[in-house]
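Scroll down for the structure; my scribbles are underneath it.
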Amino acid sequence: MSPELAFILTLGLRMAITAAFVVTASIITERSGPVIGALIATLPISAGPSYVFLALDHDAAFIAEGALASLPINAATIFLGLTYVVLAQRHGALLSCLAAVAVWLVLAAIIRSVQWSLAGGLVVNAIAFGICVPLLARYRHAKMPPIRRRWYDIPLRASLVATLVATVVTTSGWVGPKISGMIALFPIVFTSMMLILHPRIGGPPTAAVLANSAWGLIGLGIAIAVLHVAALQFGSTVGLTLALATCIGWNLSLWWLGRGKAAE
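Read in order, the letters of the sequence shown are residues 0 to 263 in numbering that gives the first Met the number 0.
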């Protein structure tokens, strides 16, 4: 088998695995309501596979540096969420989504121009979430109407996430860890939810899922910081494992606390 064919087959397999994972998680999200859906949506269901595949092709230092670049991008994602949530109350899916993505791209361009440290990334996350979480609180509760799946839902989600993985994997060698880390954290799950759910169930219910995602994104930011530190100290495998455990543990804790409050 030629090296070119082996690369194409390997890339196709990676895209298929990731697409299947994201589609499954997003279907569960639709059926679980805005709170549980938000917890599932903020698991690393697109960034995680991207980092796993990067780890197969690059060393631990590359992964650690990529995670350092991803950390401030997590702060940009919460502003994407806030932009969409506010606009979705009165505007359509396309306008709300495009405006949110535009905000993310502008912030990503600013973030790229800065040389970040771990402390700097954590501080910018703390500031971003300190601003956005209180503003999102009023939009967290909305009735989730029944969802009827359309024929293009799964192909759309699969193609979006597969394209993201292909971009990360194929460009990582020449764009370097910083850009790879930024691309890996592009909010593909959020944008696909905006485009698919909003036209079907309306802006406020879709916005409620993203508004509830704020606390989950905090856990994702902590997991990215863990990945950076652990990859440097113990290697990529341990770093990725600890980061995933951090994300899952954080979201399970949020779920448990939510159950406790509902029972009171």
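Glycine included, every Cβ here is placed at the ideal spot set by N, Cα and C.
In summary, P48 is buried, with 16 or more beta-carbon neighbours lying within 10 Å of its beta-carbon over all protein chains present. For the 8 Å CB-CB criterion, S45 and I195 do not form a contact. DSSP, read as helix, strand or coil, puts D56 in helix. By the neighbour-count criterion, in which a residue is buried when 16 or more other Cβ atoms sit within 10 angstroms of its Cβ, R139 is buried. L216 carries a helical assignment under DSSP once its states are collapsed to helix, strand and coil. No Cβ-Cβ contact shorter than 8 Å links M181 with C96.
Between L104 and L94, the beta carbon gap of about 16 Å keeps them out of contact (Cβ cut-off 8 Å). Rounded to whole angstroms, the separation of the alpha carbons of L38 and P198 is 22 Å. Cβ-Cβ distances below 6 Å link K177 to A68 in the same chain, with the five nearest sequence neighbours on each side left out; the list follows chain order. The C-beta separation of A99 from Y83 comes to about 4 Å, placing the pair in contact by the 8 Å criterion. Counted as a single uninterrupted DSSP element, the alpha helix (DSSP H) harbouring L97 occupies residues A92 to R111. Counting along the chain, T190 sits inside the alpha helix (DSSP H) bounded by residues I187 to I200. Counting every other CB atom within 10 Å of its CB across the protein chains shown gives A54 a total of 16 or more, marking it as buried. Taking 8 Å as the upper bound for CB-CB distance, I223 and A242 are in contact here, some 7 Å apart. Within the same chain, and ignoring the five residues on either side of G120 in sequence, the residues whose Cβ sits closer than 6 Å to its Cβ are L70 and P71. For I126, the uninterrupted alpha helix (DSSP H) run begins and ends at L117 to L135, by DSSP.
Per DSSP, reduced to three states, the secondary structure at I44 is coil, with no helix or strand assignment.
The DSSP-derived three-state label of K177 is helix. The beta-carbon separation of L219 and N73, rounded to 6 Å, stays under the 8 Å limit for a contact. With fewer than 16 other beta carbons inside 10 angstroms of its own, W255 counts as exposed. In this structure, A213 is the residue among V51, A213, V225 and G248 with its C-alpha nearest to the C-alpha of R137. A Cβ-Cβ contact shorter than 8 Å links F78 with A127.
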